[in-house]
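Trainee:
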Amino acid sequence: MKVKKIIKTLVIIVLILGLLIFANFIPTLSLFEPGMSIMVGKWVDVYYQQEKDAATDVFDHADAGTGLIAVKLGFDEKPDVNIYIYDSQSDMQKKKYGFIGALLGLDWYIGDNMGTNVILTSPANPGPLHSYENVKYAVLHEIVHAYVSVLNPDIQLWLTEGTALYLTNGEEFYKEYLDYMPIPSYRDTLTRNPVKFNKIGGYTFAQTYIEYLDTAYGWDRVLQLLKTEDYQECFGKSQKDIYNEWVDFIENYYQ
215 MKVKKIIKTL VIIVLILGLL IFANFIPTLS LFEPGMSIMV GKWVDVYYQQ EKDAATDVFD
275 HADAGTGLIA VKLGFDEKPD VNIYIYDSQS DMQKKKYGFI GALLGLDWYI GDNMGTNVIL
335 TSPANPGPLH SYENVKYAVL HEIVHAYVSV LNPDIQLWLT EGTALYLTNG EEFYKEYLDY
395 MPIPSYRDTL TRNPVKFNKI GGYTFAQTYI EYLDTAYGWD RVLQLLKTED YQECFGKSQK
455 DIYNEWVDFI ENYYQ
(Lines of atoms letter the chains of each structure in order from A; the text may use other names.)
(Lines give C-alpha, C1' and ligand atoms only; values in the text may rest on other atoms or scores of the structure.)
Protein backbone atom coordinates (compact mmCIF):
# COMPACT_ATOMS: atom_id res chain seq x y z
CA MET A 215 0.00 0.00 0.00
CA LYS A 216 2.82 2.36 0.92
CA VAL A 217 4.56 1.78 -2.43
CA LYS A 218 1.31 2.40 -4.34
CA LYS A 219 0.78 5.63 -2.43
CA ILE A 220 4.29 6.82 -3.28
CA ILE A 221 3.79 5.95 -6.96
CA LYS A 222 0.44 7.74 -7.00
CA THR A 223 2.00 10.82 -5.41
CA LEU A 224 4.85 10.81 -7.93
CA VAL A 225 2.41 10.49 -10.84
CA ILE A 226 0.40 13.44 -9.51
CA ILE A 227 3.58 15.52 -9.14
CA VAL A 228 4.69 14.67 -12.69
CA LEU A 229 1.25 15.56 -14.07
CA ILE A 230 1.23 18.88 -12.21
CA LEU A 231 4.73 19.72 -13.46
CA GLY A 232 3.69 18.79 -16.99
CA LEU A 233 0.65 21.05 -16.78
CA LEU A 234 2.76 23.91 -15.42
CA ILE A 235 5.29 23.52 -18.23
CA PHE A 236 2.51 23.42 -20.81
CA ALA A 237 0.83 26.46 -19.27
CA ASN A 238 4.14 28.36 -19.30
CA PHE A 239 4.55 27.85 -23.04
CA ILE A 240 1.00 28.79 -24.03
CA PRO A 241 2.18 32.25 -25.29
CA THR A 242 4.59 30.52 -27.70
CA LEU A 243 1.83 28.61 -29.49
CA SER A 244 1.00 31.57 -31.74
CA LEU A 245 3.10 34.58 -32.64
CA PHE A 246 0.00 36.42 -33.82
CA GLU A 247 -1.83 38.41 -31.14
CA PRO A 248 -5.51 39.40 -31.42
CA GLY A 249 -5.86 42.89 -32.85
CA MET A 250 -2.57 42.86 -34.75
CA SER A 251 -2.44 44.74 -38.06
CA ILE A 252 -0.24 43.89 -41.05
CA MET A 253 1.97 45.75 -43.52
CA VAL A 254 2.88 43.81 -46.68
CA GLY A 255 6.14 44.65 -48.43
CA LYS A 256 8.27 43.45 -51.31
CA TRP A 257 10.61 41.50 -49.02
CA VAL A 258 8.93 41.28 -45.60
CA ASP A 259 5.51 41.35 -43.97
CA VAL A 260 5.18 43.08 -40.59
CA TYR A 261 2.55 42.37 -37.94
CA TYR A 262 2.24 44.94 -35.17
CA GLN A 263 0.10 45.94 -32.20
CA GLN A 264 -0.67 49.56 -31.21
CA GLU A 265 2.67 51.30 -31.86
CA LYS A 266 2.00 51.92 -35.56
CA ASP A 267 4.54 54.72 -36.12
CA ALA A 268 7.39 52.64 -34.71
CA ALA A 269 6.22 49.59 -36.67
CA THR A 270 6.15 51.65 -39.87
CA ASP A 271 9.71 52.77 -39.19
CA VAL A 272 10.81 49.15 -38.77
CA PHE A 273 8.88 48.07 -41.87
CA ASP A 274 10.45 50.76 -44.08
CA HIS A 275 13.95 49.95 -42.83
CA ALA A 276 13.45 46.19 -43.19
CA ASP A 277 11.87 46.22 -46.63
CA ALA A 278 14.55 48.57 -47.96
CA GLY A 279 17.48 46.58 -46.55
CA THR A 280 16.38 42.99 -46.95
CA GLY A 281 16.93 42.87 -50.72
CA LEU A 282 20.68 43.34 -50.29
CA ILE A 283 20.77 40.68 -47.57
CA ALA A 284 18.87 38.29 -49.84
CA VAL A 285 21.36 38.78 -52.67
CA LYS A 286 24.33 38.38 -50.32
CA LEU A 287 22.92 35.09 -49.02
CA GLY A 288 22.13 33.79 -52.51
CA PHE A 289 18.37 34.32 -52.69
CA ASP A 290 16.70 35.62 -55.84
CA GLU A 291 13.16 35.68 -54.48
CA LYS A 292 11.41 36.38 -51.19
CA PRO A 293 11.11 33.49 -48.73
CA ASP A 294 8.11 33.57 -46.40
CA VAL A 295 9.59 35.97 -43.80
CA ASN A 296 7.23 37.53 -41.27
CA ILE A 297 8.10 40.07 -38.57
CA TYR A 298 6.02 40.27 -35.39
CA ILE A 299 6.47 43.46 -33.36
CA TYR A 300 5.28 43.52 -29.74
CA ASP A 301 4.60 46.71 -27.82
CA SER A 302 6.50 45.54 -24.72
CA GLN A 303 9.78 43.69 -24.26
CA SER A 304 8.17 41.24 -21.84
CA ASP A 305 5.50 40.29 -24.38
CA MET A 306 8.18 39.64 -27.00
CA GLN A 307 10.19 37.48 -24.58
CA LYS A 308 7.11 35.41 -23.74
CA LYS A 309 6.88 34.37 -27.39
CA LYS A 310 10.24 32.62 -27.04
CA TYR A 311 10.34 31.45 -23.42
CA GLY A 312 6.72 31.53 -22.28
CA PHE A 313 5.47 33.33 -19.17
CA ILE A 314 8.78 32.70 -17.41
CA GLY A 315 10.57 34.90 -19.96
CA ALA A 316 9.68 38.06 -18.06
CA LEU A 317 11.40 36.65 -14.94
CA LEU A 318 14.72 35.74 -16.56
CA GLY A 319 16.25 39.23 -16.45
CA LEU A 320 17.09 39.32 -20.17
CA ASP A 321 17.11 43.09 -20.55
CA TRP A 322 19.51 42.78 -23.52
CA TYR A 323 17.10 40.46 -25.37
CA ILE A 324 15.05 42.53 -27.86
CA GLY A 325 14.56 40.21 -30.81
CA ASP A 326 14.90 36.70 -32.14
CA ASN A 327 13.86 34.41 -34.93
CA MET A 328 11.96 31.14 -35.03
CA GLY A 329 12.89 29.87 -38.44
CA THR A 330 11.66 32.49 -40.90
CA ASN A 331 9.53 34.25 -38.29
CA VAL A 332 11.14 37.25 -36.60
CA ILE A 333 9.99 38.57 -33.22
CA LEU A 334 10.96 42.08 -32.13
CA THR A 335 10.32 44.50 -29.30
CA SER A 336 8.78 47.74 -30.52
CA PRO A 337 11.37 50.52 -30.80
CA ALA A 338 8.79 52.69 -29.02
CA ASN A 339 9.42 50.66 -25.84
CA PRO A 340 13.01 49.39 -26.17
CA GLY A 341 13.64 48.36 -22.57
CA PRO A 342 16.36 49.61 -20.18
CA LEU A 343 19.46 48.65 -22.19
CA HIS A 344 18.50 49.78 -25.68
CA SER A 345 17.36 52.80 -27.66
CA TYR A 346 14.72 53.36 -30.33
CA GLU A 347 17.37 53.35 -33.05
CA ASN A 348 19.26 50.19 -32.12
CA VAL A 349 16.02 48.20 -31.79
CA LYS A 350 14.93 49.48 -35.19
CA TYR A 351 18.25 48.51 -36.77
CA ALA A 352 18.21 45.12 -35.03
CA VAL A 353 15.44 43.96 -37.35
CA LEU A 354 17.88 43.36 -40.22
CA HIS A 355 20.06 41.33 -37.85
CA GLU A 356 17.10 39.06 -37.13
CA ILE A 357 16.20 38.88 -40.83
CA VAL A 358 19.69 37.53 -41.56
CA HIS A 359 18.99 34.79 -39.01
CA ALA A 360 15.69 34.05 -40.73
CA TYR A 361 17.30 33.77 -44.17
CA VAL A 362 20.22 31.71 -42.86
CA SER A 363 17.72 29.32 -41.25
CA VAL A 364 16.37 28.63 -44.74
CA LEU A 365 19.89 27.69 -45.88
CA ASN A 366 20.57 25.59 -42.78
CA PRO A 367 17.84 25.16 -40.13
CA ASP A 368 20.22 23.69 -37.53
CA ILE A 369 23.20 26.00 -38.04
CA GLN A 370 25.67 26.69 -35.22
CA LEU A 371 24.86 29.76 -33.16
CA TRP A 372 28.38 31.14 -33.61
CA LEU A 373 28.02 31.12 -37.40
CA THR A 374 24.53 32.57 -37.66
CA GLU A 375 25.20 35.29 -35.08
CA GLY A 376 28.54 36.13 -36.64
CA THR A 377 26.94 36.43 -40.07
CA ALA A 378 24.07 38.58 -38.80
CA LEU A 379 26.47 40.92 -37.00
CA TYR A 380 28.88 41.06 -39.95
CA LEU A 381 26.18 41.90 -42.48
CA THR A 382 24.13 44.31 -40.37
CA ASN A 383 24.59 45.89 -36.96
CA GLY A 384 27.86 44.59 -35.54
CA GLU A 385 30.03 47.20 -33.85
CA GLU A 386 33.61 47.79 -34.93
CA PHE A 387 36.23 45.60 -33.24
CA TYR A 388 39.44 47.06 -31.80
CA LYS A 389 42.50 45.06 -30.77
CA GLU A 390 42.59 46.91 -27.45
CA TYR A 391 39.45 44.99 -26.44
CA LEU A 392 41.76 42.02 -25.85
CA ASP A 393 43.31 43.90 -22.92
CA TYR A 394 40.18 43.29 -20.87
CA MET A 395 38.12 40.71 -22.78
CA PRO A 396 39.27 37.09 -23.12
CA ILE A 397 39.02 35.52 -26.55
CA PRO A 398 36.25 32.89 -26.52
CA SER A 399 37.70 29.39 -26.34
CA TYR A 400 37.14 26.88 -29.11
CA ARG A 401 34.62 25.15 -26.88
CA ASP A 402 32.87 28.48 -26.26
CA THR A 403 32.34 28.93 -29.99
CA LEU A 404 30.42 25.64 -30.09
CA THR A 405 27.73 26.74 -27.63
CA ARG A 406 24.08 26.62 -28.65
CA ASN A 407 22.99 28.59 -25.60
CA PRO A 408 22.22 32.26 -26.45
CA VAL A 409 22.71 33.37 -22.83
CA LYS A 410 26.18 31.80 -22.73
CA PHE A 411 26.93 33.26 -26.16
CA ASN A 412 26.26 36.71 -24.71
CA LYS A 413 28.39 36.05 -21.61
CA ILE A 414 31.45 34.89 -23.57
CA GLY A 415 31.47 38.09 -25.62
CA GLY A 416 29.90 36.53 -28.69
CA TYR A 417 28.32 39.80 -29.80
CA THR A 418 31.80 41.36 -29.82
CA PHE A 419 33.83 38.54 -31.36
CA ALA A 420 31.63 36.45 -33.66
CA GLN A 421 31.49 38.98 -36.48
CA THR A 422 35.29 39.00 -36.67
CA TYR A 423 35.18 35.25 -37.30
CA ILE A 424 33.03 35.77 -40.40
CA GLU A 425 35.17 38.78 -41.34
CA TYR A 426 38.26 36.57 -41.20
CA LEU A 427 36.68 33.84 -43.32
CA ASP A 428 35.51 36.39 -45.89
CA THR A 429 38.93 38.08 -46.01
CA ALA A 430 41.00 34.90 -46.11
CA TYR A 431 38.81 32.60 -48.22
CA GLY A 432 36.15 34.71 -49.96
CA TRP A 433 32.41 35.08 -49.54
CA ASP A 434 31.52 32.09 -51.73
CA ARG A 435 33.31 29.82 -49.24
CA VAL A 436 31.52 31.51 -46.33
CA LEU A 437 28.18 30.90 -48.02
CA GLN A 438 29.10 27.27 -48.62
CA LEU A 439 29.99 26.92 -44.93
CA LEU A 440 26.68 28.41 -43.84
CA LYS A 441 24.89 25.78 -45.91
CA THR A 442 26.99 22.74 -45.00
CA GLU A 443 29.14 23.49 -41.91
CA ASP A 444 31.69 21.19 -43.54
CA TYR A 445 35.01 22.89 -42.79
CA GLN A 446 37.09 20.21 -44.47
CA GLU A 447 35.11 20.52 -47.70
CA CYS A 448 35.04 24.34 -47.64
CA PHE A 449 38.59 25.11 -46.51
CA GLY A 450 40.51 21.83 -46.55
CA LYS A 451 41.03 22.26 -42.79
CA SER A 452 39.35 21.26 -39.55
CA GLN A 453 37.10 23.61 -37.59
CA LYS A 454 39.77 23.77 -34.86
CA ASP A 455 42.41 24.77 -37.44
CA ILE A 456 40.17 27.60 -38.65
CA TYR A 457 39.56 28.67 -35.04
CA ASN A 458 43.32 28.91 -34.46
CA GLU A 459 43.75 30.99 -37.63
CA TRP A 460 40.97 33.32 -36.45
CA VAL A 461 42.64 33.77 -33.04
CA ASP A 462 45.85 34.81 -34.80
CA PHE A 463 43.80 37.20 -36.97
CA ILE A 464 42.25 39.07 -34.04
CA GLU A 465 45.45 39.06 -31.99
CA ASN A 466 47.01 40.97 -34.89
CA TYR A 467 43.92 42.98 -35.83
CA TYR A 468 44.53 46.07 -37.94
CA GLN A 469 42.96 48.56 -35.52
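In the numbering used here, the protein residues as written are 215 to 469.
Think of the CB as a built atom: it goes at the ideal place given N, C-alpha and C, for glycine as much as any other residue.
Are the beta-carbon atoms of residue 391 and residue 418 separated by less than 8 angstroms?
Mentor: Residue numbering aside, residue 391 sits at position 177 when the sequence shown is read from its first letter. Residue numbering aside, residue 418 sits at position 204 when the sequence shown is read from its first letter. Their beta carbons are under 8 angstroms apart, which means residue 391 touches residue 418 by this criterion.
Trainee: For residue 367 and residue 357, I'd like the C-alpha separation in whole angstroms.
Mentor: Against the sequence shown, residue 367 aligns to sequence position 153. Against the sequence shown, residue 357 aligns to sequence position 143. If you take the alpha carbons of residue 367 and residue 357, they lie about 14 angstroms apart.
Trainee: Under the DSSP definition of a beta bridge, which residues are partnered with residue 332?
Mentor: Position 118 of the sequence shown, counted from the first residue, corresponds to residue 332. According to DSSP, which records beta bridges pairwise, residue 332 is partnered with 297, 327.
Trainee: Pull up the DSSP beta-bridge partners for residue 251, would you.
Mentor: Residue 251 sits at position 37 when you count from the first residue of the sequence shown. Bridge partners of residue 251: 262.
Trainee: Would residue 198 pass as a contact of residue 437 if the rule is Cβ separation under 8 angstroms?
Mentor: Residue 198 cannot be examined here, being either before or after the span of the chain that is shown, 215 to 469.
Trainee: Just to confirm, is the Cβ distance from residue 293 to residue 364 under 8 angstroms?
Mentor: Sequence index remark: in the sequence shown, residue 293 carries index 79 (1-based). Sequence index remark: in the sequence shown, residue 364 carries index 150 (1-based). A contact, by the Cβ cut-off of 8 angstroms.
Trainee: I think residue 331 touches residue 301, with their Cβ atoms under 8 angstroms apart; what is that distance to the nearest whole Å?
Mentor: Translated into positions along the sequence shown, residue 331 becomes position 117. Translated into positions along the sequence shown, residue 301 becomes position 87. Actually they do not touch by this definition, with Cβ atoms about 18 angstroms apart.
Trainee: How many angstroms separate the CA atom of residue 362 from the CA atom of residue 219?
Mentor: Residue 362 sits at position 148 when you count from the first residue of the sequence shown. Residue 219 sits at position 5 when you count from the first residue of the sequence shown. Whole-angstrom Cα-Cα distance: 52 angstroms.
Trainee: Return helix, strand or coil for residue 379, following the three-state DSSP convention.
Mentor: Residue 379 sits at position 165 when you count from the first residue of the sequence shown. If DSSP states are grouped into helix, strand and coil, residue 379 belongs with the helices.
Trainee: With DSSP run on the structure shown, which of helix, strand or coil describes residue 256?
Mentor: Position 42 of the sequence shown, counted from the first residue, corresponds to residue 256. Three-state DSSP puts residue 256 in coil, outside helix and strand.
Trainee: Does the distance from the C-beta atom of residue 470 to that of residue 343 stay below 8 angstroms?
Mentor: Since the first and last residues shown for the chain are 215 and 469, residue 470 lies out of range.
Trainee: Output the boundary residues of the alpha helix (DSSP H) element that contains residue 346.
Mentor: Translated into positions along the sequence shown, residue 346 becomes position 132. Residue 346 -> alpha helix (DSSP H) spans 346-365.
Trainee: If you draw a straight line from the alpha carbon of residue 446 to that of residue 223, how long is it in whole angstroms?
Mentor: Translated into positions along the sequence shown, residue 446 becomes position 232. Translated into positions along the sequence shown, residue 223 becomes position 9. Looking at the two C-alpha atoms, the distance is approximately 53 angstroms.
Trainee: On the three-pair Cβ rule with 8 angstroms, is the stretch 304-323 touching the stretch 266-285?
Mentor: Result no; under three Cβ-Cβ pairs closer than 8 angstroms.
Trainee: Quick check on the DSSP output: the alpha helix (DSSP H) that includes residue 457 runs from which residue to which?
Mentor: Numbered from 1 along the sequence shown, position 243 holds the residue referred to as residue 457. Residue 457 -> alpha helix (DSSP H) spans 453-465.
Trainee: Here's the rule: buried if 16 or more other CB atoms are within 10 angstroms of the residue's CB, otherwise exposed. What is residue 325?
Mentor: Position 111 of the sequence shown, counted from the first residue, corresponds to residue 325. When all chains shown are included, residue 325 counts as buried.
Trainee: So, is residue 237 buried or exposed, given that buried needs 16 or more other C-beta atoms within 10 angstroms?
Mentor: Against the sequence shown, residue 237 aligns to sequence position 23. Residue 237 is exposed by the Cβ-count criterion.
Trainee: Which of the three DSSP states is assigned to residue 306 in this structure?
Mentor: Taking the first residue of the sequence shown as 1, we reach residue 306 at position 92. Helix.
Trainee: With H, G and I counted as helix, E and B as strand and the rest as coil, what does DSSP make of residue 424?
Mentor: Position 210 of the sequence shown, counted from the start, is the residue given in the question as residue 424. In the structure shown, residue 424 sits in a helix (DSSP, three-state: H, G or I).
Trainee: Taking residue 317 as the reference, which of 374, 303, 453 has the closest Cα?
Mentor: Along the sequence shown, read from residue 1 onward, the residue named residue 317 stands at position 103. Residue 317 has its Cα closest to that of 303, out of 374, 303, 453.
Trainee: If you check the beta carbons only, do residue 337 and residue 259 fall under 8 angstroms apart?
Mentor: Along the sequence shown, read from residue 1 onward, the residue named residue 337 stands at position 123. Along the sequence shown, read from residue 1 onward, the residue named residue 259 stands at position 45. Cβ atoms of residue 337 and residue 259: not closer than 8 angstroms.
Trainee: Would the beta-carbon of residue 262 fall within 8 angstroms of that of residue 251?
Mentor: Counting from one through the sequence shown, the residue named residue 262 turns up at place 48. Counting from one through the sequence shown, the residue named residue 251 turns up at place 37. Yes, they are a contact pair.
Trainee: Buried or exposed: which applies to residue 291, given that a residue is buried once 16 or more other Cβ atoms fall within 10 Å of its Cβ?
Mentor: Taking the first residue of the sequence shown as position 1, residue 291 is located at position 77. Exposed, by the Cβ-count rule.
Trainee: What's the C-alpha gap between residue 406 and residue 370?
Mentor: Position 192 of the sequence shown, counting from 1, holds the residue named residue 406. Position 156 of the sequence shown, counting from 1, holds the residue named residue 370. Going by the C-alpha atoms only, they are around 7 angstroms apart.
Trainee: Is residue 307 near residue 319, with beta carbons less than 8 angstroms apart?
Mentor: Taking the first residue of the sequence shown as position 1, residue 307 is located at position 93. Taking the first residue of the sequence shown as position 1, residue 319 is located at position 105. Not in contact: residue 307 and residue 319 (Cβ atoms no closer than 8 angstroms).
Trainee: Classify residue 388 as helix, strand or coil using the three-state DSSP reduction.
Mentor: Residue mapping note: residue 388 aligns to position 174 of the sequence shown, counting from 1. Reduced to three states, the DSSP call for residue 388 is coil.
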